[in-house]
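Residue numbers (the working numbering), protein chains in the order written: chain A, 1 to 145; chain B, 1 to 297.
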Amino acid sequence: MDDPVEYDGAGELYRVIEAQFGCAITLEGRLYSRLQKKSTRLFLYAGGEPPCLRQSWIGLHIGDLSEGTIHPSIEGAQIIGEKATKNVMRVSHEQADALFKEGSIEHKPFDGIVLVKSGQNIICAAKHSNGRLVGLIPASRKTTL
Amino acid sequence: MPPSKSFKTYHQGILGRDYRGFMDYIQRPPARYSVRVNTLKSSLTEVERILRKRRVDYGSIPWCSDGLWVSQLGLDFLEHQLGFFYIQSADSMIPVLALDPQPGERVLDMCAAPGGKSTHIAQLMRNTGTLVANDNNVRRIRALVYSIQKSGVRNAVITQNDGVRLSGRGMEFDRILVDAPCSDVGTARKNPQIFDKWDMEWVRALSALQKKMASAAYGMLKPGGVMVYSTCTTTLEENEHVVEHVLSEEGAELAEVKLDGLNHSKGLTDKAGKSMRIMPQHNDTGCFYIAKVVKNG
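Here's what the structure looks like:
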């Protein structure tokens, strides 16, 4: 896999975040990207000068940009969620537990990508599919209990 | 499988009066488990609230203000996957506390996977400075990425290199952790199969590698920089002898590690006497060996 490279599309990313979640945001640190088949994987790096070594990974994966839409990772959702003013969807604690265990929960339809909030915490981003709210949760982050 | 005769004879020889207590505890299953509060995402108060809500009993770990003893191993609920706490044995928090990384520094974790110590380092650095988290194994790096991401670490670069080959590339660090691959005797309470694998030939091969790693790490320290060499095993060859090698070959100095509330014994040789041995009977944990080496400035 190629090394992540410095990303020069911060302005575009901020416009996308503002359009989707209604917040003007400036991320502290440098943005890096890695091209995937259908999206650009984005990383936020807040450290000092990185070493001159091949990098398997840098900083925090904040989400994937695809066709003008950001699909936030869990950590990206937590960062954006601090300031988001729209497309934040509340779920109960029981629904949050079920979402992380099953990957999806029954839900009425909605458009686009939302940030899911339970209690005081943004827990992930999600989309709607086939009558269900589907968390953007990698298999490795699903709970086993 | 109980420990072999050669294991017993070897440990009787090096541990003397501590042998009986060691053999008693090392064959017991763990009595308790532990987590580290991830202060990059949560707080002690918040994690205590979560544990109460989830009906998990907990208590403070004396030597780690972010550590909590917990009554059960089954903790993979939502807040764990959100990265609010990290499931980590209480003894494996000690090397990072000994390293004492500071915000803004440049730090190398030479054998970083699966990431418990790297994420601990990042939280003590408060996500500032530069953390190079290195490992040489692709499969283990996947686990490292998972830990770094889940913990919300933003100041780390993950690299895949043989630790010995990292030196000679012009890199310098304020602090380096060498938590070296070892014969893992200290994990026997969780993984008693380790007794089957243990033999002196393996120990000697590991010792040769560990000496190379420790020397390479020392060479990458800035003047006045600090290296912590640690293993989760018991043999002289993998512990005191490695440190003595660095002291004699590199002219390094050994510094004492002081952590309140932690019972331990001194290194078993005169030259490595300032290093620290944590045996299972000291704190009802696994084993750890920790040496803090300072580069002459």
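Glycine included, every Cβ here is placed at the ideal spot set by N, Cα and C.
Within the stretch 86-107 of chain A, the residues whose Cβ lies closer than 7 angstroms to some Cβ of chain B are 96, 97, 100, listed in chain order. Closest in C-alpha terms to residue 62 of chain A, from the list B:150, B:9, B:128, comes B:150. Chain B places a beta carbon closer than 9 angstroms to that of residue 52 of chain A, counting this residue as a contact. Within chain A, the residues 47 have their CB atoms less than 7 angstroms from the CB of residue 131 of chain B, given in chain order. CA-CA distance, residue 109 of chain A to residue 135 of chain A, rounds to 14 angstroms.
Ranked by Cα distance from residue 175 of chain B, the first of B:100, B:147, B:11, B:13 is B:100.
Listed in chain order, the beta strand (DSSP E) elements of length 3 or more contained wholly in the stretch 49-120 of chain A are 55-58, 60-66, 69-72, 88-90, 104-106, 114-118. Under the criterion of beta carbons closer than 8 angstroms, residue 3 of chain A and residue 78 of chain B do not qualify as touching, at roughly 33 angstroms. Taking a 10 Å sphere around the C-beta of residue 93 of chain A, we find fewer than 16 other C-beta atoms and assign the residue as exposed. In the structure shown, the three-state DSSP call for residue 264 of chain B is coil. DSSP lists A:133 as the beta-bridge partner residues of residue 128 of chain A. Cβ proximity to chain B below 8 angstroms picks out 73, 74, 75, 78 from the stretch 63-84 of chain A. DSSP, reduced to helix, strand and coil, places residue 228 of chain B within a strand of the structure shown. Only those residues of the stretch 209-229 of chain B whose C-beta falls short of 8 angstroms from the nearest C-beta of chain A would be listed, and there are none.
Note on geometry: alpha-carbon atoms of residue 271 of chain B and residue 138 of chain B lie some 37 angstroms from one another.
If you draw a straight line from the Cα of residue 31 of chain A to the Cα of residue 141 of chain B, it is about 22 angstroms long.
If you look at residue 253 of chain B, you'll find it in the beta strand (DSSP E) that goes 253-255. Spatial neighbours of residue 7 of chain A in its own chain (CB-CB distance under 6 angstroms, excluding positions within 5 residues in sequence) are listed in chain order as 31, 32, 33. Scanning its chain for C-beta atoms nearer than 7 angstroms, with the 5 sequence neighbours on each side dropped, one finds around residue 206 of chain B the residues 181, 182, 183, 238, in chain order. For residue 252 of chain B and residue 152 of chain B, the gap between their C-alpha atoms comes out near 35 angstroms. For residue 140 of chain A, a Cβ of chain B is located within less than 9 angstroms of the residue's own Cβ.
At a cut-off of 9 angstroms between C-beta atoms, residue 144 of chain A counts as an interface residue with respect to chain B.
Listed along chain A, the residues sitting closer than 8 angstroms to residue 159 of chain B by beta-carbon distance are 51, 53, 54, 55, 56. The C-beta of residue 60 of chain A comes closer than 9 angstroms to at least one C-beta of chain B. Within the same chain, 140, 143, 144, 147 come within 7 angstroms of residue 114 of chain B by CB-CB distance, once the 5 residues on both sides are set aside. The Cβ of residue 39 of chain A sits no closer than 9 angstroms to any Cβ of chain B.
Boundaries for residue 213 of chain B: no beta strand (DSSP E) harbours it, while the alpha helix (DSSP H) harbouring it runs 200-219, taken from the DSSP string. Secondary structure of residue 88 of chain B (DSSP, three-state): coil.
By the rule that beta-carbons nearer than 9 angstroms mark a contact, residue 154 of chain B touches chain A.
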